[in-house]
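All residue numbers for the sequence shown refer to this note's numbering, where the first residue is 114 and numbers rise by one.
Take a look at the structure below.
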Amino acid sequence: MNRPLIAVPIGDPAGIGPEIVAKAVVDEVVRKDARCVIIGDKKIMENAINITKTDLTIHVISHPSEGNYEDGILNLIDLDNINMDEFKMGEVSGMCGKAAFEYIEKSIELANAGEVAAVATTPINKEALKAGNINFIGHTEIFGELTHTEDPLTMFEVRGMRVFFLSRHVSLRQACDMVKKDRIKDYVKRCMEALKKLGVEDGTMAIAGLNPHSGEHGLFGDEEVNEVMPAVEELQAEGYKVVGPIGADSVFHMALQGRFNSVLSLYHDQGHIATKTLDFERTIAITGGMPILRTSVDHGTAMDIAGTGIASAVSMIEAIRLAVKYAPNFMK
Numbered sequence: 114m115n116r117p118l119i120a121v122p123i124g125d126p127a128g129i130g131p132e133i134v135a136k137a138v139v140d141e142v143v144r145k146d147a148r149c150v151i152i153g154d155k156k157i158m159e160n161a162i163n164i165t166k167t168d169l170t171i172h173v174i175s176h177p178s179e180g181n182y183e184d185g186i187l188n189l190i191d192l193d194n195i196n197m198d199e200f201k202m203g204e205v206s207g208m209c210g211k212a213a214f215e216y217i218e219k220s221i222e223l224a225n226a227g228e229v230a231a232v233a234t235t236p237i238n239k240e241a242l243k244a245g246n247i248n249f250i251g252h253t254e255i256f257g258e259l260t261h262t263e264d265p266l267t268m269f270e271v272r273g274m275r276v277f278f279l280s281r282h283v284s285l286r287q288a289c290d291m292v293k294k295d296r297i298k299d300y301v302k303r304c305m306e307a308l309k310k311l312g313v314e315d316g317t318m319a320i321a322g323l324n325p326h327s328g329e330h331g332l333f334g335d336e337e338v339n340e341v342m343p344a345v346e347e348l349q350a351e352g353y354k355v356v357g358p359i360g361a362d363s364v365f366h367m368a369l370q371g372r373f374n375s376v377l378s379l380y381h382d383q384g385h386i387a388t389k390t391l392d393f394e395r396t397i398a399i400t401g402g403m404p405i406l407r408t409s410v411d412h413g414t415a416m417d418i419a420g421t422g423i424a425s426a427v428s429m430i431e432a433i434r435l436a437v438k439y440a441p442n443f444m445k
């Protein structure tokens with residue numbers, strides 16, 4: 114079987130994205146398992162190759178079918194959208210924000226058309242997007258809009274543990290207010306559909322508690338009693354394999370041990386802390402509920418070290434590997 118084609122947009126040109134892409138392309142595991150199509154700017158990638166001292170030759174292509182997927186070749190769709198006279202490494206700029214969006218847009222176009230099996234994304238900068246008049250706050254929103262997916266799901270995977278999130282970029286106060294029975298039921302059903310799309314059909318999903326010790330039956334917080342438990346009971350009555358609430362101080366450990374196939378985290382940091390403390394570099398994001406597969410590093414643009422060549426490519430390599438793992442379920 115042919116190695117799956119994975120589209121890799123280079124992210125914000127002023128950040129570490131181009132450097133970790135160059136390092137990932139020469140990685141032995143990536144070379145063995147994937148055929149990578151890089152979407153970016155040739156001038157930026159030439160710079161990244163020089164910075165990282167990677168032994169790569171750029172092969173400019175228009176379509177993935179034109180690629181030369183032998184060792185030492187970086188197949189690039191060159192959007193030629195960076196003016197090097199204005200470019201400054203490590204600095205936020207509208208030019209780079211707009212360019213980063215265009216790389217993602219092209220990647221999604223390829224995936225929507227079935228020309229690649231998945232997209233593995235690199236870091237972008239929210240301030241740069243705004244400066245470039247791009248009206249999205251991040252990858253998830255871009256992918257949702259361009260794949261016509263309402264409210265895409267975010268799932269983290271690390272060492273086989275999978276974590277979904279009931280809410281993402283809202284205040285903690287808002288996140289608590291969003292812990293409602295109907296929302297939980299809707300998310301559990303959609304998360305399970307997303308798992309099936311990934312080929313994960315066995316096992317049980319656990320819902321994390323919101324309050325310490327899941328509120329101790331209302332002694333300190335009643336969200337579990339009033340919202341979470343009724344949602345679980347109704348889901349179970351409908352035949353869904355779900356349990357909870359289970360205290361957030363233990364549920365992630367239990368999932369890591371294989372007790373559950375996934376956990377629904379009730380707010381952003383609850384699940385982020387659990388996964389990233391376990392293994393920061395190998396915590397990979399998957400955007401679920403879409404017709405295409407997207408994996409991603411889960412770190413930022415690291416503008417402070419951009420251009421030094423010291424950025425680790427472990428997350429980029431893992432994002433590509435995870436894309437390869439699940440790609441067969443999305444191939445058209």
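All C-beta atoms in this analysis are idealised placements derived from N, C-alpha and C, irrespective of residue type, glycine included.
Nearest-angstrom Cα distance between residue i and residue j?
{"i": "Q370", "j": "K294", "result": "28 angstroms"}
{"i": "K310", "j": "E431", "result": "20 angstroms"}
{"i": "R275", "j": "P177", "result": "31 angstroms"}
{"i": "G207", "j": "F214", "result": "11 angstroms"}
{"i": "R296", "j": "I190", "result": "41 angstroms"}
{"i": "G203", "j": "E346", "result": "51 angstroms"}
{"i": "M305", "j": "M403", "result": "13 angstroms"}
{"i": "C209", "j": "L435", "result": "27 angstroms"}
{"i": "M318", "j": "T421", "result": "42 angstroms"}
{"i": "V376", "j": "V410", "result": "20 angstroms"}
Is residue i helix, strand or coil when you go by DSSP?
{"i": "N246", "result": "coil"}
{"i": "E394", "result": "coil"}
{"i": "H172", "result": "strand"}
{"i": "V292", "result": "coil"}
{"i": "E270", "result": "strand"}
{"i": "F278", "result": "strand"}
{"i": "S425", "result": "coil"}
{"i": "A321", "result": "strand"}
{"i": "R434", "result": "helix"}
{"i": "T408", "result": "strand"}
Which one of the options has the shortest CA to CA distance from residue i?
{"i": "S378", "options": "G322, L391, S175 and V338", "result": "G322"}
{"i": "K438", "options": "K201, E179, A233 and H176", "result": "A233"}
{"i": "G185", "options": "S284, P122 and D168", "result": "D168"}
{"i": "L242", "options": "P126, I405, A135 and A398", "result": "P126"}
{"i": "D193", "options": "G180, A120 and I152", "result": "I152"}
{"i": "H172", "options": "I164, N163, M158 and T165", "result": "M158"}
{"i": "N238", "options": "I250, L259 and G227", "result": "I250"}
Please classify residue i as buried or exposed, where buried requires at least 16 other C-beta atoms within 10 Å of its C-beta.
{"i": "S327", "result": "buried"}
{"i": "L118", "result": "buried"}
{"i": "A231", "result": "buried"}
{"i": "F277", "result": "buried"}
{"i": "S175", "result": "exposed"}
Should residue i be counted as a contact of the ligand ATP given a C-beta to heavy atom distance under 6 angstroms?
{"i": "P325", "result": "Ligands in the displayed structure: none, and consequently the ligand ATP is not present."}
Exercise. Do the segment 217-225 and the segment 378-394 make contact, defined as three or more Cβ pairs closer than 8 angstroms?
Worked result: The segment 217-225 is not in contact with the segment 378-394.
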